[in-house]
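Only one structure is covered here, and it is reproduced in the block below.
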Amino acid sequence: MSIVVSLDLDGATVGDLQTFVRAIESTGAKSRTAITVEGTVLKVNADTQSEPPRITREAPYSDAKQFGDQALNSLIDALISRRGSH
Numbered sequence: 001m002s003i004v005v006s007l008d009l010d011g012a013t014v015g016d017l018q019t020f021v022r023a024i025e026s027t028g029a030k031s032r033t034a035i036t037v038e039g040t041v042l043k044v045n046a047d048t049q050s051e052p053p054r055i056t057r058e059a060p061y062s063d064a065k066q067f068g069d070q071a072l073n074s075l076i077d078a079l080i081s082r083r084g085s086h
């Protein structure tokens with residue numbers, strides 16, 4: 001999917017240009033993304049799916065082990081209670 005971000009330069013301020021750049025950056029556009037000019041309008045066609053999302057944190061091993069132990073205990077409890085109901 002792509003997003004088109006545009007800015008009319010007629011009467012634009014430095015603040016408008018800064019906001020325009022931040023908007024482009026927020027789409028995940030790369031620094032090599034082309035800018036086009038149509039009359040007084042700057043346009044950027046930003047590809048939003050150019051790279052997969054980054055994982056910022058992995059669960060520590062101890063958390064995963066504890067979760068696994070809890071899952072196994074729940075499964076054992078369920079099997080024991082099922083066996084008792086037959």
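Going by UniProt numbering, the first residue of the sequence shown is number 1, and it counts up by one from there.
Glycine included, C-beta positions come from ideal geometry on N, C-alpha and C.
- For the 8 Å CB-CB criterion, Thr27 and Ala46 form a contact.
- Rounded to the nearest whole angstrom, the C-alpha separation of Ile3 and Glu38 is 17 Å.
- Per the DSSP secondary-structure output, Ala46 pairs in a beta bridge with Ile3.
- Annotation for Thr19: the continuous alpha helix (DSSP H) segment containing it runs Val14 to Ser26.
- Apart from the 5 residues on each side of it in sequence, Ile24 sits with its Cβ closer than 7 Å to the Cβ of Val5, Val44 and Ala46 in its chain, given in chain order.
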